[in-house]
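Student: Residue numbers (my numbering): 5 to 548.
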């Protein structure tokens with residue numbers, strides 16, 4: 005038995021049937037090109053009988069993707085197939101759509117479960133066997149490569165399946181696809197089903213490919229598909245991101261990476277260039293509008309992201325502690341250590357080092373405390389957030405006045421009011437409430453009343469550092485002493501107008517505004533005292 009598993013991608017057919025996932029012909033063509041470049045063996049391009057547009061989309065893919073490119077005659081060309089119900093009009097349209105491909109295939113199907121035969125088809129088992137025999141033979145008269153699927157095989161009587169599949173082989177089918185159409189089976193049941201088909205179907209031989217096609221209604225699509233492959237199936241029908249009817253199909257990336265990562269267990273190969281998985285996943289997500297869940301295996305945003313401190317510490321020591329595959333293998337640039345409330349000191353030190361900040365233990369303690377304070381209020385801390393924290397914590401003068409608390413009241417029903425609590429240079433706590441034209445104005449007036457350092461606000465800028473509703477806000481201000489004049493040094497009679505900048509960052513933009521203003525005032529106060537007057541002992545202690 006071959007150790008090669010063909011990857012049959014039905015993103016453009018079964019995947020597109022996912023509610024809201026319809027793609028234009030141009031989008032389907034681009035996805036098909038990407039699938040071909042990635043090394044997919046068979047592309048099910050659509051259901052030609054569904055509409056003239058779908059037929060034309062499949063035909064374009066057959067012509068533009070299903071043939072060797074100019075200048076690349078030896079490049080791998082995928083089989084292009086179209087789906088057809090077991091009737092002549094559908095089969096004719098499928099053939100019309102795929103016939104121009106270098107390797108065309110007709111894929112026809114008919115249900116075989118008692119439920120479907122009775123309630124949907126309203127056919128007796130004998131009629132189903134006869135229809136399969138006739139329609140597979142008709143498809144084979146048009147195309148040398150014919151695939152047959154007994155719909156709802158997962159709930160069909162195995163003995164009846166052997167009869168139907170035997171007739172399909174006799175009529176010329178080259179691939180037998182066994183759909184668990186409603187995601188009903190468990191892995192052990194599906195293994196037995198595939199194993200029984202291979203061992204008991206009349207006419208089964210090594211030239212017949214048995215295929216798996218599983219749905220995820222009970223969350224077992226990938227497990228079932230892999231069980232079928234272990235039983236001897238050598239084609240897997242899958243979709244990018246696992247999209248498809250109801251809960252979706254077996255995920256291409258999960259099957260492929262399982263076979264690659266657990267190669268000693270399966271000892272099987274595929275032709276997929278796995279480094280393209282992430283790119284194609286994003287492409288399909290963008291075109292269908294179906295967002296990939298963050299915790300989706302292989303291609304989800306969190307697939308190679310670690311937030312827990314224990315995990316981050318292990319990853320920093322050796323990648324294999326918490327990752328069973330390399331992110332580069334699926335086209336992700338690198339592992340992400342997500343900085344959040346579960347992150348530890350080791351992860352913070354590592355991230356800051358990558359950003360160019362080398363902190364000693366005392367500085368790291370201060371940064372870690374600020375980081376944890378922010379992380380309790382913000383789910384994910386970005387590099388931009390960390391830069392703001394570092395700037396706010398270390399790249400500013402040592403505090404003369406320090407913001408201990410702030411409460412504001414504003415809106416359309418009352419006068420904006422701010423109550424400010426500052427710790428002064430003598431370690432005294434000062435409180436003051438003030439009104440203003442807005443919350444920032446009220447805050448600044450309260451700070452002025454406590455600090456008593458007359459100045460002029462020259463510039464006030466505010467912006468969000470990161471995206472999202474929980475973005476960290478950054479405020480920068482520029483102030484000037486009220487008279488605008490300062491001595492150049494203690495011995496000089498020359499004076500000049502000096503401007504002081506302040507910076508503040510916080511999730512609360514009013515708090516960030518207060519921090520920025522106090523930051524600038526502290527610079528002004530220090531510049532006013534250095535070289536012109538002695539600073540009190542307490543002030544000296546505060547300045548370090």
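Ideal placement from N, C-alpha and C gives every residue a C-beta, glycine not left out.
Three or more C-beta pairs closer than 8 Å, one from the segment 163-180 and one from the segment 202-220: is that the case here?
Tutor: Yes, since at least three Cβ pairs between the segment 163-180 and the segment 202-220 fall closer than 8 Å, the two stretches touch.
Student: Between residue 507 and the ligand FMN, is the CB less than 7 Å from at least one heavy atom?
Tutor: This structure simply doesn't include the ligand FMN, nor any ligand for that matter.
Student: With 16 as the cutoff for other CB atoms within 10 Å, does residue 28 come out buried or exposed?
Tutor: The residue is exposed, with fewer than 16 neighbouring Cβ atoms inside 10 Å.
Student: Anyone know if the C-beta pair for residue 189 and residue 228 falls short of 8 Å?
Tutor: Cβ atoms of residue 189 and residue 228: closer than 8 Å.
Student: Quick check on DSSP: helix, strand or coil for residue 498?
Tutor: Caution is warranted here: a pLDDT of 44 is assigned to residue 498, below 50, making its placement in the model unreliable, and no coordinate value can be reported.
Student: Could you give the DSSP three-state label for residue 269: helix, strand or coil?
Tutor: Here residue 269 sits in helix by DSSP.
Student: How is the beta strand (DSSP E) around residue 477 delimited, first residue to last?
Tutor: From DSSP, the beta strand (DSSP E) with residue 477 extends over 477-485.
Student: Cβ of residue 268 within 8 Å of Cβ of residue 231?
Tutor: No. Outside cutoff.
Student: Kindly indicate the opening and closing residues of the alpha helix (DSSP H) around residue 173.
Tutor: Taken as a continuous stretch (DSSP letters only), the alpha helix (DSSP H) holding residue 173 covers 162-174.
Student: Label residue 303 either buried or exposed according to how many other C-beta atoms from any shown protein chain fall within 10 Å of its C-beta, with 16 as the threshold for buried.
Tutor: With 16 or more other Cβ atoms within 10 Å, it is buried.
Student: Using a Cβ-Cβ cutoff of less than 6 Å, which residues in the same chain neighbour residue 197 once the five nearest sequence positions on both sides are dropped?
Tutor: Excluding positions up to five away in sequence, the list is empty.
Student: Taking only the alpha-carbon atoms, compute the straight-line gap between residue 424 and residue 406 and give it to the nearest angstrom.
Tutor: Approximately 11 Å, taken between the alpha carbons.
Student: Buried or exposed: residue 165, going by 16 or more other Cβ atoms within 10 Å of its Cβ?
Tutor: Looking at its Cβ environment, which holds 16 or more other Cβ atoms inside 10 Å, residue 165 is buried.
Student: Should the segment 93-107 be called in touch with the segment 47-67, which here means at least 3 C-beta pairs below 8 Å?
Tutor: In short, these stretches touch, since the Cβ pair count reaches three.
Student: Can you have a look at residue 484 and say buried or exposed, based on whether 16 or more other CB atoms are within 10 angstroms of its CB?
Tutor: Answer is buried; the Cβ neighbour count reaches 16.
Student: Return the chain-ordered list of same chain residues with a C-beta closer than 7 Å to the C-beta of residue 124, the five sequence neighbours on each side being excluded.
Tutor: 115, listed in sequence order.
Student: Leaving out five residues before and five after residue 478 in sequence, what residues of the same chain have Cβ atoms less than 8 Å from its Cβ?
Tutor: These residues qualify, in order along the chain: 392, 466, 467, 468, 469, 507, 508, 509, 516.
Student: Counting C-beta neighbours from all protein chains within 10 Å, is the total for residue 239 16 or more, i.e. buried, or is it exposed?
Tutor: By the 10 Å Cβ count, residue 239 comes out buried.
Student: In whole angstroms, what is the alpha-carbon distance linking residue 10 and residue 121?
Tutor: Roughly 30 Å separates the two Cα atoms.
Student: Using 8 Å as the threshold, is the C-beta distance between residue 447 and residue 525 below it?
Tutor: Result no, Cβ atoms of residue 447 and residue 525 do not sit closer than 8 Å.
Student: At the level of alpha carbons, what is the spacing between residue 235 and residue 285?
Tutor: The alpha-carbon atoms of residue 235 and residue 285 are separated by roughly 28 Å.
Student: Straight-line CA distance for residue 390 to residue 480?
Tutor: Going from the Cα of residue 390 to the Cα of residue 480 covers about 17 Å.
Student: Under the three-state reduction of DSSP, which class applies to residue 30: helix, strand or coil?
Tutor: It is helical.
Student: Return the Cβ separation of residue 156 and residue 117 in integer angstroms, given the expectation that the two are a contact with Cβ distance under 8 Å.
Tutor: Indeed they touch by this definition, with Cβ atoms about 4 Å apart.
Student: On the criterion of 16 or more Cβ atoms from any shown chain inside 10 Å, does residue 261 qualify as buried, or is it exposed?
Tutor: Per the 10 Å Cβ criterion, buried.
Student: Assuming the contact rule is C-beta atoms closer than 8 Å, residue 69 and residue 37 should be a hit. Round their C-beta distance to whole Å, please.
Tutor: That pair is a contact at about 6 Å.
Student: Can you confirm whether residue 482, when its beta carbon is compared against all beta carbons of chain C, has any partner nearer than 8 Å?
Tutor: Given the protein chain composition of this structure (a single chain), no chain C is represented.
Student: DSSP three-state call for residue 239: helix, strand or coil?
Tutor: Note: residue 239 maps to strand in three-state DSSP.
Student: For a test of the three-state rule: what should DSSP assign to residue 341, helix, strand or coil?
Tutor: With a pLDDT of 49 at residue 341, under the threshold of 50, the predicted position of this residue should be treated as unreliable, though the coordinate-derived value follows. Residue state, collapsed to three classes: strand.
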